[in-house]
Amino acid sequence: MNSNDFKEALRQKAQKKFNSSSDGIKDMDRQSINQLVEELQIHQIELEIQNEELRNAQLISDANKNRYISLFNNAPMGYVILNKAGIIKQFNSAFETMTAKRQLNGLNIAFADLLVQEDGQTFRARFNAVFKQPEGKQLEYRIIGANSREYHIQIRAKSHTRTIYDPDSNKNELLLMISDISALKSAKHELEKSLTDSHLREKEVQAFLKGAEAILEQTDFQITARKVFDLCSETIGSTSGYVALLSEDGEENEVLFLEAGDLPCSVDPELPMPIRGLRETAYRTNRTVYDNDFMDSKWLKFMPKGHVRLENVMFAPLVIKGKTIGIMGLANKNSDFTDDDARIAGGFGELAAIALLNSRNLDKRDTAEKKNSELIAELQKALADIKQLSGLLPICSHCKKIRDDKGYWNILESYIQKHSEVSFSHGMCPDCSDELYGDEEWYIEMKSQKDNKI
């Protein structure tokens with residue numbers, strides 16, 4: 026009904042009421058009638074003023090209502106009004122977008138039915154308490170959106186009373202203010218993942234540093250290899266394994282130690298460990314390899330009777346100058362091995378290879394030091410046998426005696442024998458012989474005979 030129709034209907038109603046009470050006017054005189062008309066005109070003006078004010082108030086009320094509806098529908102967060110049974114009575118555009126523009130009006134849909142089943146059950150269990158005292162409560166649930174995608178939502182609740190235009194205005198309702206926190210949840214998840222990864226990396230770095238420290242302090246390769254193996258096992262979570270070196274003929278593994286992880290193992294330790302199966306792949310490719318279903322794999326046939334049960338296995342090669350010269354076996358992790366585990370095990374394999382190379386270099390050094398020590402001992406012995414005269418010797422120009430450091434004069438032969446390994450055999454030179462025996466007949470005759478022989 027438009028305003029003109031309303032006015033006409035009101036006029037007809039007034040006319041009908043006037044007609045039913047107009048008998049008293051016939052008995053009125055003209056003056057009374059004029060006075061009545063004046064009062065009616067004044068009353069008419071008052072009514073027109075009141076009507077104008079009512080129209081203005083109605084316009085303001087309509088504007089406020091439209092503003093409220095616009096704010097409600099266009100708010101960035103979802104608004105949903107529920108009745109006492111949890112049925113959706115009203116909602117805005119943001120919530121409609123969250124629910125993939127479903128047709129929710131007039132379907133008496135329960136809000137809990139829009140949530141993930143598990144969350145819907147939780148919401149129903151808490152609804153009565155929230156309805157009675159909603160203030161201060163903050164809830165998080167998952168709602169099903171487009172393409173069955175799950176959205177994480179945060180809900181704050183507030184009591185809501187129906188307007189006077191609602192015939193059920195005496196009933197309270199619940200206003201839900203819903204925010205899509207999926208991006209926040211995703212960022213939080215990524216942050217937690219980054220923190221977890223950071224802690225794992227820190228643990229990994231600390232393990233590698235301890236491995237490097239073990240190599241620097243190395244005195245025995247087998248001890249160092251065990252330390253590296255234990256650090257690797259602790260880092261990736263394996264419970265069994267061993268470290269073995271390639272035999273000189275390149276046909277077998279020579280086991281340094283075996284960790285069964287408290288599992289029964291009755292394999293004869295003297296049995297050969299040929300290069301075959303999955304570990305052959307590690308030897309051949311110089312890469313870390315693993316199998317998370319070893320008991321159902323093709324490699325099982327190579328496992329000897331009585332061997333530790335292997336749920337999963339990993340082999341990390343010890344590579345020196347492009348050739349695998351040993352293997353580190355790891356097994357029985359509670360969960361599956363991953364590529365990240367393979368990367369870590371490969372790093373510890375490199376540490377073990379460095380330790381082996383270091384051990385060999387230390388052996389070479391020890392051998393060289395031993396040879397050097399023997400040579401030094403021989404040289405020292407030789408030097409001990411050698412006494413050498415050097416410097417200026419004070420000697421008498423007449424008798425040829427030599428003065429020592431204490432100022433005593435020594436016969437030449439005695440001094441030299443005392444300060445060297447020289448021994449003297451006394452004889453006589455020709456000049457001295459001539460001087461001493463030149464006039465003797467026997468000497469002249471002996472000398473003559475020598476001259477004739479020449």
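For the sequence shown, our numbering puts the final residue at 479, and the numbers step up evenly by one.
Note that the Cβ used here is the ideal one computed from N, Cα and C, for glycine as well.
**Message:** Please identify the residue among D316, I352 and M353 whose C-alpha is closest to the C-alpha of D361.
**Reply:** D316
**Request:** Under the assumption that F136 contacts I113 (Cβ atoms under 8 Å), give the Cβ distance between them as a whole number of angstroms.
**Result:** 6 Å
**Prompt:** Just to confirm, are G266 and A367 a CB contact at a threshold of 7 Å?
**Reply:** no
**Asked** Excluding the five sequence neighbours on either side, which residues of its own chain have a C-beta within less than 6 Å of the C-beta of Y468, listed in chain order?
**Response** Y462
**Item:** In chain order, each beta strand (DSSP E) run of at least 3 residues that lies wholly inside the stretch 348-401
**Value:** 348-356
**Request:** Starting from V62, follow the beta strand (DSSP E) in both directions and report where the run begins and ends.
**Result:** Counting along the chain, V62 falls outside any beta strand (DSSP E), though it belongs to the alpha helix (DSSP H) covering R55 to N99.
**Message:** Check this for me: beta carbons of Q243 and L281, under 7 Å apart or not?
**Reply:** no
**Message:** Classify A125: buried if its beta carbon has 16 or more other beta carbons within 10 angstroms, exposed otherwise.
**Reply:** exposed
**Asked** Three-state secondary structure (DSSP) at E242?
**Response** coil
**Asked** Should M353 be labelled buried (16 or more other beta-carbon atoms within 10 Å of its own) or exposed?
**Response** buried
**Request:** Hey, could you find the ends of the beta strand (DSSP E) A269 is sitting in?
**Result:** S265 to L271
**Request:** Could you pull out every unbroken beta strand (DSSP E) segment of at least 3 residues lying fully inside the stretch 295-346, listed in chain order?
**Result:** 314-316 and 338-345
**Message:** Closer than 8 Å is the cut-off here; do at least three beta carbon pairs connect the stretch 72-82 with the stretch 95-111?
**Reply:** no
**Asked** So what's Y176 in DSSP terms, helix, strand or just coil?
**Response** strand
**Request:** Excluding the 5 residues preceding and the 5 following A110 in the sequence, name in chain order all residues of the same chain whose CB lies nearer than 8 Å to its CB.
**Result:** A135
**Request:** Would you mind giving the Cβ-Cβ distance between I379 and I240, rounded to the nearest angstrom? I have them listed as a contact below 8 Å.
**Result:** 6 Å
**Asked** By Cβ distance below 8 Å, which residues in the same chain neighbour D138 in space, the five residues on each side in sequence not counted?
**Response** G145
**Asked** Taking G286 as the reference, which of A34, F254 and W324 has the closest Cα?
**Response** F254
**Asked** Buried or exposed: G351, going by 16 or more other Cβ atoms within 10 Å of its Cβ?
**Response** buried
**Request:** Kindly indicate the opening and closing residues of the beta strand (DSSP E) around Q115.
**Result:** I113 to F116
**Request:** Identify the continuous alpha helix (DSSP H) that holds Q142 and give its terminal residues.
**Result:** Q142 to K157
**Request:** Return the first residue and the last residue of the alpha helix (DSSP H) that I436 is part of.
**Result:** Careful: I436 lies outside any alpha helix (DSSP H) and carries neither H nor E.
**Message:** Could you give the first and the last residue of the continuous beta strand (DSSP E) run that contains D205?
**Reply:** N197 to D205
**Request:** Please check the pair L343 and L381, which I expect to be a contact at CB under 8 Å, by giving their CB distance rounded to whole angstroms.
**Result:** 6 Å
**Message:** Going by DSSP, what residue range makes up the beta strand (DSSP E) through E279?
**Reply:** E277 to E284
**Request:** Would you identify the three-state DSSP class for T186, choosing helix, strand or coil?
**Result:** strand
**Request:** Name the two residues that bound the continuous beta strand (DSSP E) containing L107.
**Result:** G103 to L107
**Request:** Would you please state the rounded distance, in angstroms, between the beta carbons of L18 and N278? I believe it to be under 8 Å.
**Result:** In the structure as shown, the chain begins at 26 and stops at 479. Residue 18 is therefore absent and cannot be evaluated.
**Message:** Let me make sure I understand the geometry here. Which of P419, L140, K323 and A171 has the alpha-carbon closest to that of E165?
**Reply:** L140
**Message:** Can you tell me whether E160 is helix, strand or coil according to DSSP?
**Reply:** coil
**Message:** I want to know whether the stretch 196-209 touches the stretch 167-185 - three or more CB-CB distances under 8 Å.
**Reply:** yes
**Message:** Please report the distance separating the alpha-carbon of R226 from that of L220.
**Reply:** 10 Å
**Asked** So, does the CB of D366 fall closer than 7 Å to a CB anywhere in chain D?
**Response** Note that chain D does not occur in the displayed structure, where there is just one protein chain.
**Prompt:** Name the DSSP beta bridge partners of I168, please?
**Reply:** L140 and Y176
**Request:** State the beta-bridge partners of A135 as determined by DSSP.
**Result:** I112
**Asked** In chain order, what residues of the same chain have a beta carbon less than 7 Å from the beta carbon of E276, not counting five sequence neighbours either side?
**Response** P299 and I300
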